[in-house]
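Per my numbering, the sequence shown starts with residue 29, numbered consecutively. Where is the CB? At the ideal position from N, CA and C, for every residue including glycine. Being a predicted model, the structure only gives us computed values, none of them experimental. Working notes, structure below.
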Amino acid sequence: MCVAVSALLAVGAPALAEAKAPLARAVEAGRFAWLSPLVKLGASVATLGVLLSLMLGISRSVFFMSANGELPKWFSAVHPRYKVPHHAEIAVAVLIAIIVFLGDVRSAIGFSSFTILIYYAITNASAFTLAPEKRLWPLWIALTGLFSCSLLALSLLAEFLILGMLVMLSGAAVFAVKNWMRLHR
């Protein structure tokens with residue numbers, strides 16, 4: 029929060045919104061402009077960390093979906109020595125590399141932010157289905173999480189909302205068709 033407020037005070041919201049590297053722009057406005065390359069390097073390392081954690085999270089989801097028969101079995105292979113879902117990790121790493129090199133990283137991050145926020149909103153909403161004795165926290169915490177995740181998701185750019193909704197609706201349609209086919213065999 030302090031970083032965001034400091035950056036806003038240094039150059040203002042319009043300059044930050046237009047900048048390709050907002051924090052570097054804020055640093056360049058002050059006496060420490062010579063630190064701008066270091067700020068850009070730090071942002072690159074932080075982005076790499078986000079991509080790596082995203083890769084691991086998505087590959088685990090791909091692994092479990094494959095193990096449940098929702099994706100091809102090839103993705104559920106576990107490396108005999110390292111005990112990791114290596115096929116899923118390789119596939120997700122290739123997909124992320126393609127997005128990074130050929131696509132727009134900002135759009136990928138925006139889309140990812142939307143879907144993760146919706147995931148967390150659903151997780152918070154699911155707390156309402158727990159019996160009172162199974163809850164670890166009071167319901168107001170889940171309600172706060174549901175509200176804040178939903179609000180943050182809806183505050184993203186319209187293109188991320190539309191793309192995220194299309195992908196989620198497509199997934200829901202595939203799931204519904206597969207279930208219908210399974211029930212009507």
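Contact annotation: the stretch 34–49 does not touch the stretch 78–92, with fewer than three C-beta pairs closer than 8 Å. Only residues of its own chain outside the window of five on either side were considered, and among them Trp102, Phe103, Ser104 and Ala105 have a CB closer than 8 Å to the CB of His115, listed in chain order. In this structure, Ala54 places its C-beta atom within 8 Å of the C-beta atom of Ala38. For Ala159, there is no enclosing alpha helix (DSSP H), as DSSP marks it with neither H nor E. If you draw a straight line from the Cα of Leu171 to the Cα of Ala153, it comes to about 7 Å. The residues Ala54, in chain order, have a CB closer than 8 Å to that of Ser34 in the same chain once the five nearest residues on each side in sequence are set aside. Ala204 sits in a helix when the DSSP states are folded into three classes.
Pairing Phe139 with Phe92 gives a Cβ-Cβ distance that is not under 8 Å. Here Phe60 carries a coil assignment [DSSP, helix/strand/coil]. Between the C-alpha atoms of Pro113 and Ser183 there is a straight-line separation of about 35 Å. For Ile146 against Gly85, the beta-carbon gap comes to about 14 Å, at or over 8 Å, which does not count as contact.
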